[in-house]
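Numbering (our numbering), first residue to last: 1 to 150. All C-beta atoms in this analysis are idealised placements derived from N, C-alpha and C, irrespective of residue type, glycine included. Every value quoted in this text rests on a predicted model; they were computed, and no experiment measured them. So the structure is just underneath, and the comments pick up after that.
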Amino acid sequence: MKHTRQCTRCGYQAAPTSGTLFHQVKLPILKAFYIVYFIATNKQGISSTELSRKLGLRQKAMKAMASSLKYPIMGKVEVDETVVGKQEEGTKGHQNEDKKLVVVAIEREGKGINRMYARVIEDGSHASLKPFFEDHIDPGAKVSTNEWKG
Numbered sequence: 001m002k003h004t005r006q007c008t009r010c011g012y013q014a015a016p017t018s019g020t021l022f023h024q025v026k027l028p029i030l031k032a033f034y035i036v037y038f039i040a041t042n043k044q045g046i047s048s049t050e051l052s053r054k055l056g057l058r059q060k061a062m063k064a065m066a067s068s069l070k071y072p073i074m075g076k077v078e079v080d081e082t083v084v085g086k087q088e089e090g091t092k093g094h095q096n097e098d099k100k101l102v103v104v105a106i107e108r109e110g111k112g113i114n115r116m117y118a119r120v121i122e123d124g125s126h127a128s129l130k131p132f133f134e135d136h137i138d139p140g141a142k143v144s145t146n147e148w149k150g
């Protein structure tokens with residue numbers, strides 16, 4: 001991988017996606033970002049046909065992905081939030097009103113990712129995150145987050 005970083009002491013190599021929701025995703029990373037973006041920013045959802053058309057991916061693959069999203073994710077689940085949107089000149093981080101806060105949950109299977117859910121949320125509070133957890137994550141799942149204590 002051309003953007004891999006290597007430790008000068010021990011030789012350990014890490015990709016930019018290591019330790020993130022996108023680690024070992026089989027799609028090109030930009031297409032994975034677009035999938036999250038389209039799912040998170042369409043309030044009525046997005047069809048597999050529309051996703052395949054917008055991203056140039058096979059509709060059959062998008063349909064399989066969409067059907068797997070109908071069931072709560074379980075097992076090892078990683079949850080994180082990120083900001084999606086265009087950077088406005090002169091603003092920093094969350095100050096841009098056009099940006100959206102998106103929570104993403106992935107189901108880990110072995111070293112890869114099995115399924116994923118994403119949703120736009122108002123803020124990182126318990127009240128904003130609870131409906132997402134109730135809708136998409138099995139109560140028996142082992143959830144890990146980076147900093148959220150809720």
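Around the Cβ of residue i, are there at least 16 other Cβ atoms within 10 angstroms (buried) or fewer (exposed)?
i      : result
Glu107 : buried
Ser144 : exposed
For residue i, which residues in the same chain have their Cβ closer than 6 Å to its Cβ, ignoring the five residues on either side in sequence?
i      : result
Met116 : Ile106
Determine the DSSP secondary structure at residue i, reduced to helix, strand or coil.
i      : result
Thr17  : coil
Gln6   : strand
Leu101 : strand
Ser144 : strand
Glu81  : strand
Since residue i and residue j should fall inside the 8 Å C-beta cutoff, what is the C-beta to C-beta distance between them, to a whole number of angstroms?
i     : j      : result
Gly85 : Lys63  : About 28 Å separates the two Cβ atoms, so there is no contact after all.
Pro72 : Ile137 : 6 Å
Taking the C-alpha atoms as reference points, what is the distance between residue i and residue j?
i      : j      : result
Glu50  : Phe33  : 16 Å
Gly110 : Asp80  : 19 Å
Cys7   : Pro139 : 39 Å
Pro131 : Ala40  : 15 Å
Using a Cβ-Cβ cutoff of less than 7 Å, which residues in the same chain neighbour residue i once the five nearest sequence positions on both sides are dropped?
i     : result
Gln59 : Ser48, Thr49 and Ser52
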